[in-house]
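Reading through the structure tokens given below for one structure.
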Amino acid sequence: MFVDTFTGRPATLQLGSGQWAPGMEQELVGHAEGETFSFMLAPAQAYGDRNPELIQRITLAMLREHAGDETFEPGDLVEFAAPNGGRYSGVFKEQGADYALFDFNHPLAGSALKVDVALLGVL
1 MFVDTFTGRP ATLQLGSGQW APGMEQELVG HAEGETFSFM LAPAQAYGDR
51 NPELIQRITL AMLREHAGDE TFEPGDLVEF AAPNGGRYSG VFKEQGADYA
101 LFDFNHPLAG SALKVDVALL GVL
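Residues in the sequence shown are numbered from 1 upward in steps of one, following full-length UniProt numbering.
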């Protein structure tokens, strides 16, 4: 997966807010405004290892409750309502006769990341 914020609106971050993986935030500390640099993060420093328990079958009845009659293709990101009022997302993998299979791991879980940074400003 490749994410590029150099061509559009830059990503912004408030350190310590939990917006990004802790390893990513730690790599930014100590750099000056205007600096460009790169770093690598192992999965444990980024979004963790893939957790097989987060690959789950959902009944088609439950899926219809959340998504109505919408249809999905493998790879689609589907958002669900959590019991506490929050939201969470899963990647649709496949559909069986009475179930849909979703992967609720972070899309970058299990991946080493190369991060290129252009530090545009510090507030």
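In this text, a Cβ means the ideal position worked out from N, Cα and C, and glycines have one as well. Predicted model only: the values in this text are computed from it and were never measured.
Same chain only: Cβ atoms within 8 Å of Ala81, ignoring 5 sequence neighbours per side:
His66, Arg87
Residue from Leu77, Val122, Val115, Leu119 with nearest C-alpha to Ala42
Val115
Other residues of its chain near Tyr113: CB distance less than 6 Å, five sequence neighbours each side excluded
This sequence places Leu at residue 113; Tyr is not what is there. Around Leu113: Leu41, Ala46.
Are there 16 or more other CB atoms within 10 angstroms of the CB of Ser90, so buried, or fewer, so exposed?
It should be pointed out that residue 90 corresponds to Gly in this sequence rather than to Ser. Label assigned to Gly90: buried.
Suppose you measure from the CA of Ser38 to the CA of Leu119; what does that come to, to the nearest Å?
11 Å
From Asp103, Gly121, Val117, residue whose alpha carbon lies closest to that of Asn51
Asp103
Let me know the beta strand (DSSP E) ranges lying completely inside the stretch 46–90, each 3 residues or longer, listed in chain order.
55–59, 77–81
Mind checking whether Phe72 and Ala32 have CB atoms under 9 Å apart?
no
Integer Cβ distance of Gly68 from Phe92, believed to fall under 8 Å:
Wrong, their Cβ atoms sit about 15 Å apart, outside the cutoff.
Do Gly16 and Glu27 have their C-beta atoms closer together than 9 Å?
no
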